[in-house]
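Chains as they are written, first to last, in the numbering used here: chain A, 1471 to 1716; chain B, 1471 to 1716.
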DNA sequence: CGATCCTTTGAGCGAACTCAACTCGGGTGG
DNA sequence: CCACCCGAGTTGAGTTCGCTCAAAGGATCG
C-alpha cells in the first residue's frame, strides 16, 4: 500500500509541473521508510555521502552550515512534500547539513529507487530538476535578502516565502500556518542576532502585519507585508493559480 | 571549424567531470554565434524567456537583481568556460539578469542545439547538471558569506573563490589573475558599501594578503587569506588535482 | 585634455550587536 | 503535585561595525 506521504510529494511536484496519471501512480509505488525526528535532529551532515533521499512528510527541515567560529547559518527551510537532498543523486559529498526544525517526520527513499523511477519516467526526472532549479532560485533570493534588505524587511520576506510555499501544497488555513521556527533560528537564517530579530518581530506585530506566536504564524495584512518585504514571487516559479494568489 | 571558445567549455566541464573523446568532439561541433560585450552590458534580463544559452569566452559575467529601492545585488560572478544560463533550458522565465563585468566575449548557443547535444550524449547532460548543482552550492556559500562573515572575511572569501574557479580552468598565473571587478561591484556582491569595501581591501593589503590593482589581483599569502576567509573549498566540488591545490 | 569612472579619505551617524538580566510556559522528576 | 529547570521570548544599556554624505585624488579614454 502506497504511503500517504507520497501524496504530499505529488502535490508538491504538481505545484511546479504537470504530471500524468501514469506518472502519479509510479510515484505512489515508491518504497519508503518512515522516520520520526525530534527537534534539531540531523538527517545528513556535511561530508556525508548519502545513499538515499529524504522526503519531508510533516514538520519543517532546514539546511545549514557551521563556520569554524561556531556560528550557524541556515540557508533554507523546507516544508512537507519537498526532497531537500535530491541533488545527492548527482553530487556525492554533502557540502552542508540537513536537520529538523521542530519534531518532524520524513520518508527515506533509496537512491536506486529514485533513479529507476526517473529512468522509467523522464517527465518525473524533469519535474525534480525543475524543482532543484527553483531551489537554486530561492538561494539567490536569500542572497538578496541577507545582502540587501534591512532587518525588518528580511524577516517579512522570510515569512512571505514560507507562507507561499505552504500555500502551494495546501498547508495553510487562510493566512494562518504552522511556524515552528524560533526567533533564534530566524536570526540564523537572516544573518541577525536573536535580540534584533525579537525587536524587529515586535515592530512587525506593532505595525499590524503579522501575529507570531509559539509554533504558528498568521499574516494580518499580506499586501503590506509583501510591500515591507519588497517581495516579488517570480523566483518561486509557481504555476498559474498559485501565482495569482501571490 | 569549431570555435576555440568551445575548448574553454570542455576544460570547464572537465574540471568537474570526465568526458570521453566522443563527447569532446560533439561539443566542438556545436554551432556558436560570437558576441562582443562592452562593460556592464546585459545579456538577458529578469522576465526574459531566452531561446539560447550563453557561454562565456573572455572576461567576467555577473548575475544580479535589482530591488525596487534601486539597490543592486550581485549573486554570482562567472569566469570563462561557464554557461551561466544553462538553467534556462528548463525554466522559462528569468528571475534575474545576466550582464558583463568588464568588456567580454560570449558564444551564444541555441537551446535546440544544446538539447540535441544532451540528447545524443546523456553524459554531457549529466556534466551540465553537475555544474548547475555546483552553482547552487556556490549560492549557498554566498548566503553564508553575506549572512555570517564580517566585511574583511567576506571580501577575502570572494577572492579565494574566484581564484580557485579561474585556476580550475587554467586562467591563473601563479597566484595572480585577471580581476575586472571594481570595488563598488565587490560591494554589491558582498552587501557592503563601496567605502567600506575600500577600507577592508586596504586592510587586506596592509596585512600582506593580497595585491589588488586595476583589473588584476595577486594573492600574496594564500594560506592566511583562506584562514581570514574561513574558506573551505568543499562546496566547489573540484576534482582530485584541483582539490589538492585548494 | 576634459570627461568620467574608480579609488581614497574624513567625519558623523545609525542599524544591529553584545552582554546581561528577567519573564513566561511547559515539561520532568522528586 | 509541586518545585524546579530549561528553552524561548523580552527588555535595557552600552558598543561597534558599517553606513551616508561629501569631497578630493588618480587612471583611462575618446
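For each residue, glycine too, the CB sits at the ideal point set by N, CA and C.
Beta-carbon gap between residue i and residue j smaller than 9 angstroms
i                      : j                      : result
residue 1543 (chain B) : residue 1613 (chain A) : yes
residue 1589 (chain B) : residue 1558 (chain B) : no
residue 1534 (chain B) : residue 1568 (chain B) : yes
residue 1705 (chain A) : residue 1555 (chain B) : no
residue 1606 (chain A) : residue 1483 (chain A) : no
residue 1679 (chain A) : residue 1695 (chain A) : yes
residue 1530 (chain B) : residue 1593 (chain B) : no
residue 1591 (chain A) : residue 1492 (chain A) : yes
residue 1682 (chain A) : residue 1649 (chain A) : yes
residue 1587 (chain A) : residue 1496 (chain A) : yes
residue 1600 (chain B) : residue 1699 (chain B) : no
residue 1508 (chain B) : residue 1570 (chain B) : yes
residue 1563 (chain A) : residue 1506 (chain A) : no
residue 1647 (chain B) : residue 1709 (chain B) : no
residue 1625 (chain A) : residue 1660 (chain A) : yes
residue 1561 (chain B) : residue 1553 (chain A) : no
residue 1657 (chain A) : residue 1616 (chain B) : no
residue 1583 (chain B) : residue 1489 (chain B) : no
residue 1438 (chain B) : residue 1502 (chain B) : Any question about residue 1438 (chain B) goes unanswered here, given that chain B covers just 1471 to 1716.
residue 1511 (chain A) : residue 1536 (chain A) : no
Partners in chain B for residue i, counting only beta-carbon separations shorter than 7 angstroms
i                      : result
residue 1609 (chain A) : 1606, 1609, 1610, 1613
residue 1505 (chain A) : Here the premise fails: no neighbours, minimum Cβ distance about 24 angstroms.
Interface partners of residue i on chain A, CB under 9 angstroms
i                      : result
residue 1707 (chain B) : 1561, 1562, 1563, 1565
residue 1618 (chain B) : 1535, 1537, 1539, 1541, 1542, 1543, 1616, 1658, 1661
residue 1664 (chain B) : Chain A residues near residue 1664 (chain B): none, gap ~14 angstroms exceeds 9 angstroms.
residue 1652 (chain B) : In chain order: nothing, as chain A lies at least about 17 angstroms away.
DSSP bridge partner residues for residue i (one or two, in chain order)
i                      : result
residue 1525 (chain B) : B:1577
residue 1514 (chain B) : B:1568
residue 1680 (chain A) : A:1689
residue 1544 (chain B) : B:1534
residue 1696 (chain A) : Answer is none; residue 1696 (chain A) lacks a bridge partner.
residue 1506 (chain A) : A:1575
residue 1668 (chain B) : Per DSSP, none; premise fails for residue 1668 (chain B).
residue 1646 (chain B) : B:1643, B:1688
Beta-carbon neighbours of residue i, restricted to chain B and to distances below 8 angstroms
i                      : result
residue 1596 (chain A) : 1560
residue 1642 (chain A) : The contacting residues do not exist; residue 1642 (chain A) stays about 23 angstroms from chain B at best.
Within chain A, partners of residue i - CB distance below 8 angstroms
i                      : result
residue 1557 (chain B) : 1603, 1606
residue 1645 (chain B) : Going along chain A, no residue has its Cβ under 8 angstroms from residue 1645 (chain B), so there is no contact; the nearest lies around 23 angstroms.
Neighbouring residues, chain A, relative to residue i (Cβ below 7 angstroms)
i                      : result
residue 1487 (chain B) : By Cβ distance, chain A contributes nothing, its closest Cβ being about 10 angstroms from residue 1487 (chain B), past 7 angstroms.
*asked:* Between the segment 1510–1526 of chain B and the segment 1575–1591 of chain B, can you find at least three pairs of beta-carbon atoms closer than 8 angstroms?
replied: yes
*Selection of the segment 1512–1538 of chain B by Cβ proximity to chain A, strictly under 7 angstroms*: 1535, 1537, 1538
_Meets three-Cβ-pair contact criterion under 8 angstroms: the segment 1603–1618 of chain B and the segment 1601–1612 of chain A_ = yes
*Do the segment 1546–1564 of chain B and the segment 1630–1642 of chain B meet, that is, are 3 or more Cβ pairs less than 8 angstroms apart?*
yes
*Is there contact between the segment 1479–1489 of chain A and the segment 1653–1671 of chain B, where contact requires at least three CB pairs shorter than 8 angstroms?*
no
*Of all the residues that make up the segment 1671–1699 of chain A, which are near chain B by a beta-carbon distance shorter than 7 angstroms?*
none
*At a cut of 8 angstroms, does the segment 1623–1631 of chain B reach the segment 1639–1646 of chain B through at least three beta carbon pairs?*
no
_Near-chain A residues of the segment 1571–1601 of chain B (beta-carbon distance less than 9 angstroms), N- to C-terminal order_ = 1596, 1599, 1600
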